[in-house]
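Per the numbering used here: the sequence shown ends with 765, consecutive numbering throughout.
Some notes on the structure that comes next.
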Amino acid sequence: MFVGDISLGEHFLSFGHGPRTMFEEGEDIFKNVRCVFSSADFVIGNIEGPLSDIGYKQKDPLSRVFRGSPLSIKQLYDAGVNVVNVANNHSLQHGKECFLDTQRRLQEVGIKTIGLADQLKPENTKLITGTDGCRVCLLAASDVVDNTCPNQDLYAYYNEDRLNNAVKVLSKQFGVVIVILHWGHEGETRANKAQKIAAKKLIQSGADLIVGHHPHVFFEIERIDSGVVAYSIGNFVFDLPWDRKLRRTGILDVEITRDTGLSDIKVWPVYIDTHGQPLCAKRALYIPNNVKNFDLYKHSGRLSNQALKKMAYFFYFILKGHTLLKLRFLIWKIRNFIHQK
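In structure tokens, the structure reads:
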């Protein structure tokens, strides 16, 4: 199973009533999806932000934003998530030490990490093995500039030639090759031309499945030749409740066997509540093999009026949670904007 962006920290608009606060108050963030996860051998997600308190200053909003509690890693694992991608533009938001501490803690509980910079070295190739012995190779990379650490060398950046060459080699060694990409643009609701071209090249190189995220919206799923591309599987645990398109998402459920490779594909519709917690539908939607394009939500155009919706959300919930921290962050944003001008 594949899920989208998991932020166990908090957006500044949700300080005091987002996922981190829910966890610290004893809430099981994954209680509504545990039953679905229990049927999977592997649940693979994208961790947005470090899960470490190294250097954490409670009264500093910049120190809190998108930072999850290290103790929440155990809940993540107990829920069934056992593989996470770290190649994304929020992994280093609080520095190298937080990133490395997060990797260490994830590995300690038994969660595999993918997307590290040295993943193409043979000894670092990430494999998962299904119950029938099918060996699946996982590759991950980010095509989004890391504004915090633009010259970072800890997680893998997307390089078209390098990745395609790796897929060509690995597809001859393993039963199935899956590529996970942090790509696209926030605000978009459908795959762009560049993504479609890149996806086709990867499929032709030997990739069986491509799973994307970053735009925070669940995109269309497409079959290309013998491969499947889920361009963006949206958010999963994320406190971005001001737009319904950011809250309507899904779990990509793929059956992989040694004899047939990718087999049954289905999607569990998911809706994210105002605290960033996923609520899963009781039934999944199957994608028949003869369906070339599957569009769960039929989005079109770009996300509209995001600044206005954010401000409306901010003022509506200004007195909820950590009001002072929210105001401090807003003042910092305004000062930063003026300085850039």
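C-beta: ideal position from N, C-alpha, C; glycine also.
Computed from a predicted structure; not experimentally measured.
query, result
"Helix, strand or coil at Ala-736 [DSSP, three-state]", "helix"
"Proximity of Gln-499 and Asp-452 at Cβ, strictly below 8 Å", "yes"
"Own chain, CB closer than 7 Å to Gly-685, minus 5 neighbours either side, in chain order", "Gly-599, Val-600 and Asp-632"
"Candidates Arg-488, Phe-454 and Asp-556, of which the one nearest Ile-680 by Cα", "Asp-556"
"Simplified DSSP state of Asp-535, which is helix, strand or coil", "The question names Asp, yet the displayed sequence has Ile at residue 535. Ile-535: coil per DSSP, three-state reduction."
"Per-residue DSSP class, three states only, for Glu-644", "coil"
"Where Ala-580 falls: helix, strand or coil (DSSP)", "coil"
"Span of the alpha helix (DSSP H) around Ser-487", "485–488"
"Residue from Phe-761, Phe-753 and Ile-758 with nearest C-alpha to Pro-485", "Phe-753"
"Residue from Thr-698, Asn-456 and Pro-712 whose Cα sits closest to the Cα of Ser-438", "Thr-698"
"Neighbourhood of Glu-521 by C-beta distance below 6 Å, restricted to the same chain and skipping five residues each side", "Ile-478"
"Whole alpha helix (DSSP H) elements within the stretch 707–760, 4-residue minimum", "730–740"
"Residue from Arg-586, Ser-463, Ile-604 and Ile-497 whose Cα sits closest to the Cα of Gly-539", "Ile-604"
"Closest by C-alpha distance to Asp-649, when choosing among Pro-665, Asn-616 and Lys-716", "Lys-716"
"Three or more C-beta pairs below 8 Å linking the stretch 742–749 and the stretch 705–713", "no"
"Three-pair Cβ contact test at 8 Å for the stretch 655–663 versus the stretch 613–628", "yes"
"Burial state of Ala-376, where buried means 16 or more other Cβ atoms lie within 10 Å", "Lying before the first or after the last residue shown, residue 376 is absent from the chain, which here runs from 425 to 765."
"Straight-line gap, His-638 to Asp-663 (C-alpha atoms, nearest Å)", "14 Å"
"Gly-433 and Phe-490 closer than 8 Å at C-beta", "yes"
"Inter-residue spacing [alpha-carbon to alpha-carbon] between Lys-669 and His-640", "8 Å"
"Residues that DSSP places opposite Lys-455 in a beta bridge", "Answer is none; Lys-455 lacks a bridge partner."
"Beta carbon of Asp-567 nearer than 8 Å to that of His-606", "yes"
"Buried or exposed (CB count within 10 angstroms, at least 16 for buried), Arg-586", "exposed"
"Close beta carbons around Leu-749, own chain, < 8 Å, minus the five adjacent residues each side", "Phe-436, Phe-439, Gly-440, Lys-483, Pro-485 and Arg-488"
"With 16 other Cβ atoms within 10 Å as the buried cut-off, status of Thr-747", "exposed"
"Between the CA atoms of Val-533 and Lys-481 - distance to the nearest angstrom", "26 Å"
"Beta carbon of Asn-470 nearer than 8 Å to that of Asn-512", "yes"
"Whole-angstrom distance between Gly-611 and Ser-728, CA atom to CA atom", "8 Å"
"CB-CB length for Met-425 against Phe-454, believed under 8 Å", "Not really, about 12 Å apart at Cβ, beyond 8 Å."
"Ala-503 - containing alpha helix (DSSP H), residue span", "496–503"
"Cβ pair Pro-702, Val-505 closer than 8 Å", "no"
"Sequence-distant residues of the same chain with beta carbon closer than 6 Å to Ser-687, five excluded per side", "Glu-679 and Thr-681"
"Contact check, Ile-497 vs Arg-529, beta carbons under 8 Å", "yes"
"Short Cβ contact (8 Å threshold) for Tyr-721 with Phe-642", "yes"
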